[in-house]
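Below is one structure, written out as structure tokens; comments come after it.
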Amino acid sequence: MLYLRAMEKSYQPKDIEQRWYQRWEDLDLFAPRGDGEPYTIMLPPPNVTGRLHMGHAFQHTLQDALTRFNRMNGRQALWQCGTDHAGIATQMVVERRLEAEGRKRRDMQRDEFEAAVWSWKEESGGVITDQMRRLGTSVDWRHERFTMDEGLSAAVRDVFVALYEAGLIYRGKRLVNWDPVLHTALSDLEVISEEEHGSLWHLRYPLASGEGHMVVATTRPETMLGDTAVAVHPDDDRYRHLIGTQITLPLTGRTIPLIADSYVDPEFGTGCVKITPAHDFNDYAMGQRHNLPLINIFEDDARINGAAPAAYQGLDRFEARKRVVADLEAEGLLERIDDHRLMVPRGDRSGAVVEPYLTDQWYVDLTSEEQADGRPGGAKQITGPAIDAVRSGRIRFVPENWDKTYYEWLNNIQDWCISRQLWWGHRIPAWYDPDGNIYVGHSEADVRDRHGLEGVALRQDEDVLDTWFSSGLWPFSTLGWPEETERLKTFYPTNVLVTGFDIIFFWVARMIMFGLKFMDAVPFRDVYITGLIRDHQGQKMSKSKGNILDPLDLIDGIDLETLVTKRTTGLMQPQMAPAIEKATREQFPDGIKAYGADALRFTLAALATHGRDIKLDTGRIEGYRNFCNKIWNAARYVMMNVEDQPVAIQPAQATVFDRWIESRLSSAIASVRENFERYRFDLAASAIYEFVWHEYCDWYLELTKPILNEADHPAAAHTRHTLLSVLEQALRMTHPLMPFLTEEIWQRVAPPLGLAGDSISVQSFPQAGAIDSEAEAEVKWLQGLLLGIRQIRGEMDIAPRKPLDLLLEGGDDKDRARMERHGDMVRKLGALESIRWLAEDEAVPASAFALAASLKLHVPLAGVIDLDAERARLEREQGRREQDIGRLKGKLSNEKFVANAPAAVVQKARDQLAEAEAGLADINAQLERLKKL
RNA sequence: GGGCGAUUAGCUCAGUUGGUUAGAGCGCCGUCUUGACAUGGCGGAGGUCACUGGUUCAACUCCAGUAUCGCCCACCA
């Protein structure tokens with residue numbers, strides 16, 4: 061009992077949480093245990109230098125709940141964790157830090173820079189793992205992996221070599237998305253296109269004949285320096301006669317042809333398009349069709365190069381644009397400028413406008429068809445199987461409709477550009493000899509060996525691989541692949557992947573491709589796609605909007621000034637600071653309270669509905685913090701009552717209340733189990749909440765008080781047992797969502813029941829027992845009776861403890877028998893002075909009235925009763941019943957309803973009608989009596 | 001231009017194969033500091049289920065369309 065102290069009056073998460081995680085880890089409870097059926101979740105590896113945001117906290121909560129639930133069910137549960145080296149993101153962070161120290165990457169040696177990244181990784185890598193521990197995540201820390209670990213790097217090289225040898229990786233010179241700030245190629249996915257304000261410049265291109273000119277419209281006038289044609293639609297009558305003639309390209313002195321291509325839309329602009337094959341994807345394609353020359357006019361930082369006239373060389377592309385427009389205008393060749401909205405492609409990391417740029421890059425073939433030499437192309441070998449895995453149901457998206465997004469993307473996919481001109485990442489395992497021949501292998505020695513390259517100078521490719529290339533191997537590389545380890549055999553394929561929709565393409569699809577290709581099996585059975593966590597107004601959380609919430613601040617709390625500082629420092633746009641400060645002060649005038657990890661987790665689970673983003677409101681977290689306190693205090697009550705008291709276990713002595721709460725618990729357990737299995741964390745959370753608060757606390761605990769407060773009550777011992785046992789099971793049921801609180805309480809509750817263990821987290825998840833419908837009916841009856849009394853009290857403004865007399869009228873033998881059994885309980889919980897049945901011919905005194913099914917309750921209130929209030933209340937009841945009766949009569953008088961609806965539905969309507977009519981008669985009678993007073 | 005989603009109480013959301021008096025939390029009103037808990041108890045008010053048609057004995061639920069909002073994909077210069 062090392063860890064246990066006297067229970068404070070209220071729940072203090074800080075005390076509890078800090079003690080338990082360390083203990084769990086010391087006991088190594090989160091490694092796979094036993095020999096049950098394996099259950100595996102791969103943690104989407106966060107960026108090693110990052111911090112966890114609310115989205116991570118959300119996903120980690122769900123993964124932890126699943127892992128804990130399955131661990132408690134006896135599965136060999138593995139939650140594989142680790143971090144991603146995050147090529148571009150990390151390189152940028154480190155470069156920025158170096159610049160703060162006055163150092164520049166370009167002045168450094170490559171190995172020197174890599175060393176700086178590794179040391180930054182060591183320094184900052186602990187932030188995430190610390191955050192995860194604070195959240196209570198039960199990952200297998202001893203097998204934590206990093207995508208640049210030697211084993212994972214070897215896997216990357218093996219995959220690259222294998223795909224290259226299969227003809228599925230190739231090197232090619234073509235137009236790529238080029239980031240001129242980061243000086244690297246990007247994949248299609250890393251380019252974000254958004255609509256921006258721009259202009260449409262109408263330029264005059266003189267005909268070489270000297271007779272007139274063509275007018276072309278462009279959004280990028282500077283690229284005219286690289287034009288190699290002007291195109292019109294072949295059927296465009298305005299220009300048809302000019303097709304094939306030459307045009308004098310202004311400013312350059314070059315002559316270019318007027319060509320015809322049906323790609324051109326005659327309706328748009330002037331119907332004439334300038335063609336720049338080296339700087340536009342469409343123009344590139346057209347250039348291929350028409351054998352046009354490519355003129356690259358940019359350096360790799362998008363300055364104008366030597367291919368352009370000297371006047372423009374060295375200018376940045378935007379400078380060049382101004383200059384070109386000015387020069388054209390000076391020559392009278394600028395017809396007009398229209399405002400124009402256009403889609404501007406930007407690099408997702410740098411924000412720089414991406415330039416289509418002709419370079420040599422490495423690609424994974426995802427599109428080509430089967431080839432004549434028998435080599436299956438990428439479409440057949442990689443993309444097709446990935447589509448089929450989902451189509452055949454071997455992989456299931458939850459919610460299901462994400463499969464459409466997945467198919468849509470794969471059906472329109474392009475080859476994947478995997479090379480990046482960065483220093484941080486997996487170096488491409490390709491070497492060049494002085495003649496430029498390419499050799500791909502696992503290492504330089506391997507290459508020399510295989511190709512007999514003794515004594516030949518070899519130079520390794522400078523580029524690194526796209527980060528997602530290594531992330532795509534995560535489900536098997538972390539388990540030891542390419543070695544055939546025991547771990548790999550046991551835990552692959554994994555059961556479920558929990559992630560956001562934003563990386564379905566980046567990551568999910570690629571894991572499926574690689575998993576199928578290299579493991580010959582799907583990497584996971586289910587893909588649970590979570591919604592996005594948004595702020596209380598539904599805005600996306602982002603540093604630049606200043607609406608970020610750090611999970612740790614919700615756990616530990618934070619004062620307003622610290623929060624303001626945190627949100628306003630290190631902004632990309634410092635001018636936003638005042639607005640962010642104002643909004644923060646408005647939303648959190650007192651800062652953020654400490655809610656604790658359990659409350660945060662429970663909230664996130666409760667909000668996890670399918671197919672919907674989540675607006676996170678701290679009010680909601682506060683509500684669940686209160687729920688933690690409720691559990692805490694219920695446990696206090698239980699412990700107070702079992703200390704030094706006998707706890708019996710003979711079921712024969714069970715009261716109907718004991719049977720009732722056991723039965724309700726069974727329903728709750730069944731619901732929680734089912735909903736965890738369906739990934740309905742929201743329903744699981746509400747089943748727990750409903751049971752613990754509104755059944756166990758609101759009713760059962762209250763029902764035990766009259767028994768336990770009476771000296772030597774015959775049911776006391778068993779009641780204590782039930783109090784403990786139900787709480788103990790409820791704790792196990794709640795543990796996957798609230799690991800800390802349940803552990804703390806379980807350690808106190810288990811021993812009196814003769815149970816013990818290192819931790820609740822390795823106990824079994826409770827099993828649902830039988831439903832006791834007899835007990836449920838009896839307690840429901842009792843609740844109805846007490847509700848009637850409370851309604852009278854509540855609406856008549858009678859003090860809760862003022863003793864009342866209760867007169868009963870009507871009812872049947874069952875009511876009398878039940879009242880016989882529970883009269884004492886009703887008297888105590890209803891704070892009644894007396895209970896008496898009205899004699900058959902006895903006049904009803906002036907009283908407040910309530911109905912409990914067919915039982916009529918009268919509370920005599922001579923002199924005290926507010927007749928008007930009571931009449932108004934009864935009339936409201938009257939109105940309700942009349943409405944019901946009207947509706948039910950209408951239904952039942954419809955012959956088709958009676959004929960077609962299932963018998964049970966018709967009977968139900970009849971019963972409801974009878975009950976409503978009887979109730980209405982009772983209320984009318986009471987109203988009549990009131991009139992006479 | 002294609003695809004997906006949302007619209008239910010003041011707010012945030014449930015409502016599983018069509019049959020419930022359409023629910024919960026927060027907020028609101030009233031009341032109560034009783035030996036688990038005021039981070040609480042008890043009672044209460046509050047909804048033409050976005051709109052229009054259709055299918056059906058029966059529609060929040062199924063179908064079609066409309067409106068508003070949001071997201072993803074796409075080469076219109």
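Counting the first sequence from 1 gives a position; the working numbering is that position plus 60.
C-beta atoms are modelled at their ideal positions from N, C-alpha and C, and glycine is treated no differently.
If you draw a straight line from the Cα of L112 to the Cα of R217, it is about 30 Å long. Closest option to A214, judged by alpha-carbon separation, among I473, D926, F536: F536. With a beta-carbon spacing of about 6 Å, G438 and T427 fall inside the 8 Å limit used to define contacts.
V275 is bridged by DSSP to R264.
Rounded to the nearest angstrom, the gap between the Cα atoms of W80 and A125 is 17 Å. Here P416 carries a strand assignment [DSSP, helix/strand/coil].
With a threshold of 16 other beta carbon atoms within 10 Å, K549 falls short and is exposed.
Sequence-distant partners of G110 (beyond 5 residues in either direction) whose C-beta falls short of 7 Å from its own C-beta, in its chain, are I188. Going by beta carbons, W692 and Y71 fall inside the 8 Å limit. In the three-state reduction of the DSSP assignment, W841 falls in the helix class, which pools H, G and I.
Counting along the chain, the unbroken alpha helix (DSSP H) around N984 starts and ends at 963-991.
In the structure shown, K874 falls within a helical segment according to DSSP collapsed to helix, strand and coil. By the neighbour-count criterion, in which 16 or more other beta carbons inside 10 Å mark a residue as buried, A380 falls on the buried side. Fully contained in the segment 109-166 are the following beta strand (DSSP E) runs of length 3 or more, in chain order: 136-140.
Counted as a single uninterrupted DSSP element, the stretch harbouring N555 is not any alpha helix (DSSP H) but the beta strand (DSSP E) occupying residues 554-560. R435 carries a coil assignment under DSSP once its states are collapsed to helix, strand and coil. Cβ-Cβ distances below 6 Å link L743 to N735 in the same chain, with the five nearest sequence neighbours on each side left out; the list follows chain order. The beta-carbon distance between Q851 and A910, rounded to whole angstroms, is 5 Å. This is short enough to meet the 8 Å contact definition. Here E937 is buried, its C-beta having at least 16 other C-beta atoms within 10 Å. Membership of Y499 in the beta strand (DSSP E) is indicated by the continuous run 498-500.
Here DSSP, grouped into helix, strand and coil, assigns Q789 to helix. With a cutoff of 8 Å on beta-carbon distance, P317 and G304 are scored as near each other. Taking a contact to require three or more Cβ pairs closer than 8 Å, the segment 278-291 and the segment 385-404 qualify as touching.
Scanning its chain for C-beta atoms nearer than 7 Å, with the 5 sequence neighbours on each side dropped, one finds around H511 the residues Y499, in chain order.
For H203, the secondary structure class from DSSP, reduced to helix, strand or coil, is helix. Residue pairing of E256 in beta bridges, as defined by DSSP: L402. Note on geometry: alpha-carbon atoms of Q713 and P774 lie some 8 Å from one another.
Take E869, set aside five residues on each side of it, and the residues of its chain with a beta-carbon closer than 6 Å to its own are L898, K916, in chain order. With respect to the 8 Å criterion, L664 and T121 are classified as neighbours on the basis of their beta carbons.
Beta-bridge partners of S907 (DSSP): P920. By the C-beta criterion, the segment 128-139 is judged to be in contact with the segment 817-826, since at least 3 inter-stretch pairs fall below 8 Å.
A Cβ-Cβ contact shorter than 8 Å links E788 with W806. Around the Cβ of Y655, a 10 Å sphere holds 16 or more other Cβ atoms; the residue is buried. The C-beta distance from T312 to P369 rounds to 6 Å, short enough to fall under 8 Å. Of the residues assessed, K181 falls on the buried side of the cut-off, its CB having 16 or more other CB atoms within 10 angstroms.
Here the alpha carbons of A657 and P73 stand approximately 8 Å from one another.
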